[in-house]
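>
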Amino acid sequence: MTGEPIHPTQFRLARVQVVNWGTLHGHHDIPVARKGFLITGASGSGKSTLIDAISTVLMPAGNVRFNAAAQESAAGSGRNFVSYIRGAWRREAAADTDSLTASYLRPGATWSAVALTYRTGDTTAPVTLVKLMHLRRGANTNNDVSHLHLILDIDVDLTEFEPFVARGIDTRAIRKQWPDAVVNPTYAPFARAFRSRLGISSEAAQRLLHRTLSAKGLNSLDQLLRDYMLDEPGTFAMAERATTQFRDLREAHRVVVDARRQVQTLDPLVDLAATRNGGLRAQRELQDESDHLDAVHAALTVDLLEDKLEEAKAQTGLLLAAADKTAAEADRAAERTLDLRVRVESAGDGRLATLRTQRAAAETDIARITKQRSRFEASLGPWEAQVPSTAEEFAHLQAQIETELRELDAQADTRRRELYEVASTLAEHRKRLRELVADREVLARRRSNLDPELLRARELVCSAAGLGEDALHFAGELLEVRREDAAWTGPIERVLGGFGRT
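Counting from 1, one number per residue, gives the positions in the sequence shown under our numbering.
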């Protein structure tokens, strides 16, 4: 073998740099030999972490397969951009829940970066691919990660980017610092640019390069050839176009059917719209007429009033003439009345004044008699009699009333005698009641079988003598019949007689 480089014009990976990537905390710089490079170590030593760093530059974020070299799916391994940027290093049970939580080396705002430097075997300038990432404090989803991609034609240290990334990616400052660099915040333009620089023919070749990094996880050679090495047949595109065309045709048919249904649905609306417009037009006309109704009414009223005014003006002259004629006739009538009054006064020789005086007196008598008649009629109310209209009826009524008055006087005398008798009886009963009450009080004060009159007499004597009633006993009060001889009580009382009351 000679000392010349293998394929000197081919770009090969010459240097790998990572900053804050997984458990690789801080800056790590790994030179890669052109003839080949073996990454080995115990489980958990970081082999897959380093391979995933290379993959995150060579593949878009949505297609990269983290930890593929360890034959674990991305979901099963729990590795993603956030876990690598934060530096997840273990899982432990949460204190308040049954779930597992990750422990991070970098829990606050942090940044990560990966740089791949490619060189040829001759004097061609190196090409460095750089991926910068930043995650703010409290953010823990892949959508929260900020990305920036750079292609530089120099060999650069990642530590030079820290001032521009630590507090957030400052794209403008980076462009100013490296004006010749190709800077893209999105991956697709970045991938097209570095494929052109490195001589990678297609996106499929780029995916194949990524797949070879995880060859340990290759399950089928057919799958490798089909997915990464063979170009997609043109029939796939034809099938896709046919599917699209049929989809477009189906959509066009749906649009036609919808249009036909819309026509069927909206066709009655033409007549309905015409009817509605006619109704609205009639409504507007009626509204206009209603708005001007007051003005038209006022105008017609003015016309009628003006006509009546003209008629009134035409009749005014006639009415004035008639009024003058009537006034003249009234004056003549007044003069005639005065003349007749003078004639009457002179013809009666003062008799008219006398008649007027008599008429006034007669009117006064009529008023007085009418008032008396009203009182008389009210007085007849208790007898339910009518006011007599003749002298005979009056005399008959008077005799009837006098007879009834005499009967009432006789009944009144009888009632007075009965009232007197009732009063006498009531007085006797009240006297007897007082005596009984007094006897009850005497008996209540002193238990005795003697006559209450005798007991009251003793009270009077004792009261006058200033003695107590216990000092004066009746003989009957000092005697007592034994219980076994109670049957002899009556005979004993009859035998003792007046002695018991002494």
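Here a beta-carbon is modelled for each residue, glycine too, at the ideal position from N, C-alpha and C.
Using 10 angstroms around the beta-carbon of residue 342, count the other beta-carbons present and answer buried if the total reaches 16, otherwise exposed.
For this step, residue 342 is matched to residue 342 along the sequence shown. So residue 342 counts as exposed.
> Which residues in the same chain have their Cβ closer than 6 Å to the Cβ of residue 390, if we skip the five residues on either side of it in sequence?
Taking the first residue of the sequence shown as position 1, residue 390 is located at position 390. Hits under 6 Å: none found.
> Which ranges does the alpha helix (DSSP H) cover as unbroken runs of at least 4 residues, wholly within the segment 158-205, from first to last along the chain?
Those alpha helix (DSSP H) runs which fall completely within the segment 158-205 and span 4+ residues are 162-165, 171-177, 187-198.
> Is residue 16 helix, strand or coil by DSSP?
As a working mapping, residue 16 is identified with position 16 in the sequence shown. Note: residue 16 maps to strand in three-state DSSP.
> Compute the Euclidean distance between the alpha carbons of residue 49 and residue 237, then round it to the nearest angstrom.
The residue given as residue 49 occupies position 49 in the sequence shown. The residue given as residue 237 occupies position 237 in the sequence shown. Each residue's Cα considered, the two are about 38 Å apart.
> Residue 389 lies in the alpha helix (DSSP H); which residues open and close that run?
The count along the sequence shown starts at 1 and reaches residue 389 at position 389. Segment: none, residue 389 is in no alpha helix (DSSP H) and carries neither H nor E.
> Please state whether DSSP places residue 357 in a helix, a strand or coil.
Indexing the sequence shown from 1 puts residue 357 at position 357. Helix, per DSSP.
> Are the segment 49-60 and the segment 104-120 in contact at 8 Å, needing three or more beta carbon pairs?
A contact exists between the segment 49-60 and the segment 104-120.
> When you compare only the Cα positions, how much space is there between residue 340 and residue 364?
Taking the first residue of the sequence shown as 1, we reach residue 340 at position 340. Taking the first residue of the sequence shown as 1, we reach residue 364 at position 364. The straight-line gap from Cα to Cα measures roughly 29 Å.
> Between residue 63 and residue 8, what straight-line distance do the alpha-carbon atoms span, to the nearest angstrom?
In the sequence shown, the residue the question calls residue 63 occupies position 63. In the sequence shown, the residue the question calls residue 8 occupies position 8. Straight-line Cα distance between these residues: approximately 31 Å.
> Check whether the segment 119-133 and the segment 161-178 are in contact - that is, three or more C-beta pairs closer than 8 Å.
Taking 8 Å as the limit for Cβ pairs, the verdict is that the segment 161-178 does touch the segment 119-133.
> How many Å lie between residue 74 and residue 193 at the Cα?
Against the sequence shown, residue 74 aligns to sequence position 74. Against the sequence shown, residue 193 aligns to sequence position 193. Confidence at residue 74 is low in this model, with a pLDDT of 44, below 50, so its placement is unreliable and no value can be given for it.
> Looking only at its chain, what residues have a beta carbon closer than 8 Å to the beta carbon of residue 410, apart from the 5 residues adjacent to it on each side?
Position 410 of the sequence shown, counted from the first residue, corresponds to residue 410. For residue 410, where only same-chain residues beyond five positions count, there are no Cβ hits under 8 Å.
> Can you check whether the CB of residue 150 is closer than 7 Å to the CB of residue 127?
As a position in the sequence shown, residue 127 is number 127, starting the count at 1. As a position in the sequence shown, residue 150 is number 150, starting the count at 1. Going by C-beta atoms, residue 127 is not nearer than 7 Å to residue 150.
> For residue 147, which of 81, 297, 382, 309 has the nearest alpha-carbon?
For the purposes of this step, residue 147 is identified with residue 147 of the sequence shown, where counting begins at 1. For the residues 81, 297, 382, 309, the minimum Cα distance to residue 147 belongs to 81.
> So, with DSSP's three-state summary, where would you put residue 233?
Translated into the one-based positions of the sequence shown, residue 233 becomes position 233. The answer is coil: DSSP assigns residue 233 none of H, G, I, E or B.
> Kindly indicate which residue of 413, 412, 386 has the alpha-carbon position closest to the one of residue 514.
In the structure displayed, the chain extends from 1 to 502; residue 514 sits before or after that span and is not available.
> Thinking C-alpha only, which one of 485, 302, 83, 15 is nearest residue 144?
For the purposes of this step, residue 144 is taken as the residue at position 144 of the sequence shown. Per the Cα distances, 83.
> Just reading off the alpha helix (DSSP H) that residue 49 is part of, what are its end residues?
Residue numbering aside, residue 49 sits at position 49 when the sequence shown is read from its first letter. It spans 47-58 - the alpha helix (DSSP H) in which residue 49 sits, taken as one unbroken run.
> Alpha carbon to alpha carbon, what distance is there between residue 413 and residue 421?
For the purposes of this step, residue 421 is identified with residue 421 of the sequence shown, where counting begins at 1. For the purposes of this step, residue 413 is identified with residue 413 of the sequence shown, where counting begins at 1. Taking the straight line joining both Cα atoms gives about 13 Å.
> Kindly give me the distance between the Cβ atoms of residue 158 and residue 17, rounded to whole angstroms, as I take these residues to be in contact under 8 Å.
Within the sequence shown, numbered from 1, the residue matching residue 158 stands at position 158. Within the sequence shown, numbered from 1, the residue matching residue 17 stands at position 17. With 8 Å as the limit, residue 158 and residue 17 qualify as a contact, their Cβ atoms being about 5 Å apart.
> Does the Cβ-Cβ distance between residue 104 and residue 121 come in under 7 Å?
As a first step, residue 104 is located in the sequence shown; it is residue number 104 there, counting from the start. As a first step, residue 121 is located in the sequence shown; it is residue number 121 there, counting from the start. In this structure, residue 121 does not lie closer than 7 Å to residue 104 by Cβ.
> Might you give, ordered along the chain, the residues of its own chain that have their beta carbon closer than 8 Å to the beta carbon of residue 25, omitting 5 neighbours on each side?
Position 25 of the sequence shown holds residue 25. Excluding residues within five positions, the ones whose Cβ falls inside 8 Å are 87, 105, 106.
> With burial defined as no fewer than 16 other Cβ atoms inside 10 Å of the residue's Cβ, what is the status of residue 22: buried or exposed?
Indexing the sequence shown from 1 puts residue 22 at position 22. Residue 22 comes out buried.
> Answer with buried or exposed for residue 277, where buried requires no fewer than 16 other C-beta atoms within 10 angstroms of its C-beta.
The count along the sequence shown starts at 1 and reaches residue 277 at position 277. Residue 277 comes out exposed.
> Give the secondary structure of residue 156 by DSSP, where H, G and I count as helix, E and B as strand, and everything else as coil.
Position 156 of the sequence shown holds residue 156. Looking at residue 156 - three-state DSSP - the assignment turns out to be coil, as it is neither helix nor strand.
> Leaving aside the five residues before and after residue 271 along the sequence, list all residues of the same chain whose C-beta is less than 6 Å from its C-beta, in chain order.
Working through the sequence shown from its first residue, we reach residue 271 at position 271. Closer than 6 Å at the Cβ level, and outside the excluded window around residue 271, lies no residue.
> On a CA-only basis, which of 465, 108, 459, 332 is nearest residue 138? Give me that one, please.
The residue labelled residue 138 in the question sits at position 138 within the sequence shown. Among 465, 108, 459, 332, the Cα nearest to that of residue 138 belongs to 108.
> Could you tell me whether the Cβ atoms of residue 11 and residue 152 are closer together than 7 Å?
Residue mapping note: residue 11 aligns to position 11 of the sequence shown, counting from 1. Residue mapping note: residue 152 aligns to position 152 of the sequence shown, counting from 1. Contact: no.
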